[in-house]
Amino acid sequence: MSEKKILTAFFSMTKDYSFGKVERLVKGHTEQVADQIAEITGSDLYRINRTEALRPERIYEPEPIENFDQYDIIYLGYPIYYHTMPLQVSEFLKSYPFENKVIIPFTTHAGSGLGRSVAEIKETCKQSEVLDGLAVGSAEVQSAKQKIKDWTLKSLAAAESR
Ligand SMILES: Cc1cc2nc3c(=O)[nH]c(=O)nc-3n(C[C@H](O)[C@H](O)[C@H](O)COP(=O)(O)O)c2cc1C
0 MSEKKILTAF FSMTKDYSFG KVERLVKGHT EQVADQIAEI TGSDLYRINR TEALRPERIY
60 EPEPIENFDQ YDIIYLGYPI YYHTMPLQVS EFLKSYPFEN KVIIPFTTHA GSGLGRSVAE
120 IKETCKQSEV LDGLAVGSAE VQSAKQKIKD WTLKSLAAAE SR
């Protein structure tokens, strides 16, 4: 368990659009990865606001993060939308003071990897240190558990040495 205070913040839509099939999953792909990272690191877990434009009654409004200042390391998870992060995640980055924090991105995707998202995080959070991100294909979330674990431990060690 880390001496530093860690937050795992994620956005996840809990739907599978692959090949036109719309199927409600128990948990979104990114959420499944976020759960694993939070368990390994002993971090707090926070779901970034999500909106469902076609179903306004299902808009999810979470409580704001309390004492954001206490966190040293932030694992930031999101699905890739149009080769970058969803708008909700861009807004999240602008909503809290990320200065002097270490940000560790992770994503799930259908082929784009991390896309342009890491460049966008660096552009928005100029005073933060942004470490190498992890990209997990949506179809391999279950089979990638060891890869996720290895990357989490490695990135945590890197963040702690900062
Ligand atoms: C609106 C939208 C845009 C997407 N754009 C991309 C994309 O540009 N590249 C890609 O690899 N996957 C893209 N995807 C696929 C998602 O990144 C992928 O399914 C992801 O695992 C979903 O995560 P979630 O279940 O946590 O929401 C897109 C999905 C949606 C719904």
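The C-terminal residue of the sequence shown carries number 161 in numbering that gives the first Met the number 0, and the numbering is unbroken. All C-beta atoms in this analysis are idealised placements derived from N, C-alpha and C, irrespective of residue type, glycine included. None of these values were measured; they are calculated from a predicted model.
Suppose you measure from the CA of residue i to the CA of residue j; what does that come to, to the nearest Å?
i           : j           : result
residue 115 : residue 82  : 6 Å
residue 123 : residue 72  : 17 Å
residue 63  : residue 120 : 20 Å
residue 130 : residue 103 : 5 Å
residue 153 : residue 86  : 28 Å
residue 84  : residue 97  : 17 Å
residue 67  : residue 139 : 32 Å
residue 126 : residue 90  : 17 Å
residue 141 : residue 46  : 20 Å
residue 88  : residue 80  : 11 Å
Please check the pair residue i and residue j, which I expect to be a contact at CB under 8 Å, by giving their CB distance rounded to whole angstroms.
i          : j          : result
residue 29 : residue 76 : 5 Å
residue 70 : residue 4  : 5 Å
Taking 7 Å as the cut-off, is the C-beta of residue i nearer than that to any heavy atom in ligand 1?
i           : result
residue 27  : yes
residue 80  : yes
residue 12  : yes
residue 137 : yes
residue 132 : no
residue 8   : no
residue 158 : no
residue 109 : yes
residue 30  : yes
Note down, in chain order, each residue of its chain lying with its Cβ closer than 8 Å to the Cβ of residue i, except the 5 sequence neighbours on either side.
i           : result
residue 135 : 28, 32, 105, 106, 107, 108, 143, 146, 147
residue 132 : 103, 104, 105, 106, 113, 116, 117
Near residue i, what residues of its chain come up, given a Cβ to Cβ distance below 6 Å and the 5 sequence neighbours on each side ignored?
i           : result
residue 37  : 7, 44
residue 101 : 72, 128, 158, 161
residue 35  : 147
residue 137 : 28, 107, 109
residue 74  : 7, 36, 103
residue 52  : Interpretation of residue 52 is limited by its pLDDT of 49, a score under 50 that renders its predicted location unreliable; the figure taken from the coordinates is listed afterwards. The answer is none, since no qualifying residue turns up.
For residue i, collect the residues of the same chain with a Cβ closer than 7 Å to its Cβ; drop the 5 residues on either side in sequence, then sort them by chain order.
i           : result
residue 112 : 134
residue 93  : 123
Using only the heavy atoms of ligand 2, determine whether one of them is closer than 7 Å to the beta carbon of residue i.
i          : result
residue 66 : Within the structure as shown, ligand 2 is missing, the only ligands being ligand 1.
Please specify which runs of the beta strand (DSSP E), each continuous and at least 3 residues long, are wholly inside the region 90-141, giving them in chain order. 101-108, 133-136
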